[in-house]
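In this note's numbering, the protein residues as written are 1 to 201.
Below is one structure, written out as structure tokens; comments come after it.
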Amino acid sequence: RDLIRQIRELLGQILIAIDHEGGLVNRFPENCPAPPSPMGLNRSGDERLLHDACRMQAEVLAYLGINLNFAPVLDLAAGLINPAIGTRAFSDSPGEVSAYGQVCVDMHRDFSIGTCAKHFPGHGRSLTDSHFAPGEVQVDEPTLWTSDLRPFRELIAQGIPAVMLAHLIYPSLDPGIPALFSRKIVTDLLRKKLGFEGLVI
């Protein structure tokens, strides 16, 4: 907290970002509160717990002075086949993922913290952990549009400020080119077709 304050005194109102998803992805020491995983929150069936967890997520960041959270994860659980996503995914239902994502965004907005939808255009169907090996998402474009992309489309329409790209190849969208280097995915799909004008990470 002191370090962030000193940095801002020197540099002004810069963005300071972190991955604070809850569950497996928690960058803080044990004495700092962190919410359960998104999947754990979904399985609890307790909507109040979901709201409280997302508020806790944002409140800790606000206290420390962090103003951009690389969350929510909008990937579908897709049968828990992906080793990188697992319980980081809220559900295999696009509608449930969208609803969770909106709660996360709303709670962060209450504390003036930006959020980032990830991993566009959907990481849940990949069989590999893209932190360690290249991977592909073998799914046709109509399925992507009606399922994996739906949470991104809905949160973009509600004004989410940032989107993080997946380190994966989507042959149905741009064969052989990882999403983060793909003009078809970043410019044609995300920018033009979905109308996203915010920060792309």
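Glycine included, every Cβ here is placed at the ideal spot set by N, Cα and C.
Notebook entry, point to check: On the three-state DSSP scale, how would you describe L76?
Noted result: In the sequence shown, residue 76 corresponds to position 76, counting from 1. Here L76 sits in coil by DSSP.
Notebook entry, point to check: Is the CB-CB distance between F120 and V163 below 8 Å?
Noted result: Taking the first residue of the sequence shown as position 1, residue 120 is located at position 120. Taking the first residue of the sequence shown as position 1, residue 163 is located at position 163. Yes, Cβ-Cβ distance for F120 and V163 is below 8 Å.
Check: Which first and last residues belong to the alpha helix (DSSP H) in which V163 is found?
Finding: Within the sequence shown, the letter at position 163 stands for residue 163. From DSSP, V163 is part of no alpha helix (DSSP H) but of the beta strand (DSSP E) over A162 to L165.
Next item on the list: Could you check which residue in E59, I4, V186 and K184 has the C-alpha nearest to that of C104?
Entry: Against the sequence shown, residue 104 aligns to sequence position 104. Closest by alpha carbon: E59.
Item checked: Reduced DSSP secondary structure (H/G/I, E/B, other) of F120 -> Translated into the one-based positions of the sequence shown, residue 120 becomes position 120. Looking at F120 - three-state DSSP - the assignment turns out to be strand.
Margin query: Taking the beta carbon of D100 as the centre, do at least 16 other beta carbons fall within 10 Å, making it buried, or is it exposed?
Written below: To locate residue 100, count along the sequence shown from 1; it is residue 100. The sequence shown places Tyr at residue 100, not Asp. The residue in question, Y100, is buried, as its Cβ has 16 or more Cβ neighbours within 10 Å.
Item checked: G40, enclosing alpha helix (DSSP H) - first and last residue -> In the sequence shown, the residue the question calls residue 40 occupies position 40. That run of the alpha helix (DSSP H) goes P38 to S44.
Check: Beta-carbon separation of E141 and L168 under 8 Å?
Finding: Stepping through the sequence shown from its first residue, residue 141 is reached at position 141. Stepping through the sequence shown from its first residue, residue 168 is reached at position 168. No.
Note to self: Run through the DSSP bridge pairs and tell me what L199 is partnered with.
What the structure shows: Indexing the sequence shown from 1 puts residue 199 at position 199. The partner list for L199 (beta bridge, DSSP) reads A162.
Next item on the list: Ignoring anything shorter than 4 residues or poking outside the segment 49-113, list the alpha helix (DSSP H) runs there in chain order.
Entry: 94-110
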